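Single-structure report; data block below.
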Amino acid sequence: MKAILIAIVAVVTLFAPVRADSPVIITAFGDSLAAGYGLKKNEGFVPVLQAHLREQGLPVKVINAAIAGDTTSDALARVDWMLEDKPDIVIVEFGANDMFRGIPIALTQKNFDAIIRRIQQTGAHVLLAGMFAPNNYGEKYKSNFKDLYKKLSVKYDVPLYPFFLFGVALQQALNLPDGIHPNADGVKIIVNNIAPQVAGMVRNLRQE
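As C-alpha cells, this is what we get:
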C-alpha cells in the first residue's frame, strides 16, 4: 500500500500545474534558427520571445538550448542535458539541417519520435515547430517533409506551429546576407507569429 501511495504522489507531482509564484520555464530546443545565429545577444529568438511574453504579463523564463548546425541526431544525443533545466514547455525546432544534409526522412522521424517521447516522459509540454523544404528538393520530398511534422503532431498529441520561418523565409529584407537565417527584424516577425501559441500554453499551465 505504501508503494502505491508513493507512486500516486509521484504521478500527481509530475503533471501538477505550475505554481502561481513560479515562472514558467520555456526551452527553445533547436538549431541556428532558434539560437540567434549572427545576431547580437538581445536580438535572437530566445530573448525576444521572453521579452514579448513578459510584456503580456506572463512570468516566464526562456532558455536557449539551441545549437547552430544541429541535426535531429545531435538533438537526440543531448536531449537529457537539455532537460536538466526542468522545462515546463519545450519548443522543438529541428529538421532544416537534416534536410540540407540529405538525411533520410525515416531517420529524422525516428529521432523526432525519441526526442518527443523523452520530453513527454518528464511531464513537459512540447510545441513542435515545423519546417518546409524548398522547391528545388522536388514535390515528393517537399510533401513528405511537410507531412512529417503533421504526423508527429497527431501521433504525440502535441501542438504544431507549421513553419518556424513563416513570413520571413525568402524575404531578403528579413534575413542575413546568407538568405537563410533571420535578421533582427525577421526574428521579431517570427516571435510575433508564434507567441500567441506559446502564450496560450503558458496560460493553460497556470490554469488561467
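Residue numbers for the sequence shown follow the numbering used here, beginning at 14 and rising by one. Note that beta-carbon positions come from the ideal geometry of N, C-alpha and C, so glycine has one too. Fair warning: this is a prediction, and the values are worked out from it, not measured in the lab.
Check, Outcome
"Supposed contact pair S45 and H138 - C-beta distance, whole angstroms, cut 8 Å", "Contact flag wrong, Cβ pair sits at about 24 Å."
"Beta bridge counterpart(s) of E232 as assigned by DSSP", "Because the chain spans 14 through 221 in this model, residue 232 falls outside it and cannot be assessed."
"Neighbour-count burial assignment, S166, 16 or more Cβ in a 10 Å radius", "buried"
"T135 beta carbon less than 8 Å from that of F107", "no"
"Alpha-carbon spacing of L141 relative to I76, whole angstroms", "16 Å"
"Per-residue DSSP class, three states only, for T84", "coil"
"V171 (DSSP reduced to helix, strand or coil)", "coil"
"Distance between L71 and Q122 (C-alpha atoms, nearest Å)", "33 Å"
"Contact under 8 Å by Cβ, A127 with A78", "no"
"Unbroken beta strand (DSSP E) run spanning A186, endpoints", "Careful: A186 lies outside any beta strand (DSSP E) and carries neither H nor E."
"Start-to-end residues for the beta strand (DSSP E) that takes in I102", "102 to 106"
"Cβ distance (whole Å) where G180 is taken to contact I202 below 8 Å", "5 Å"
"Status (buried if at least 16 other CB within 10 Å, exposed otherwise) for N149", "exposed"
"Alpha helix (DSSP H) segment containing I39, residue limits", "I39 -> not in any alpha helix (DSSP H); beta strand (DSSP E) instead, spanning 37 to 43."
"Beta-carbon gap between V171 and F58 smaller than 8 Å", "no"
"First and last residue of the uninterrupted beta strand (DSSP E) at I76", "73 to 77"
"Proximity test, Cβ basis, 8 Å: V181 and chain D", "In the structure shown, chain D does not exist; there is a single protein chain."
"Three-pair Cβ contact test at 8 Å for the region 144 to 161 versus the region 95 to 105", "no"
"Reference L161; option with closest CA among P117, L189, G49, L183", "P117"
"Contact under 8 Å by Cβ, V73 with P36", "yes"
"Where A142 falls: helix, strand or coil (DSSP)", "strand"
"Nearest residue (CA-CA) to Y50, options N157, A88, A197, R131", "A197"
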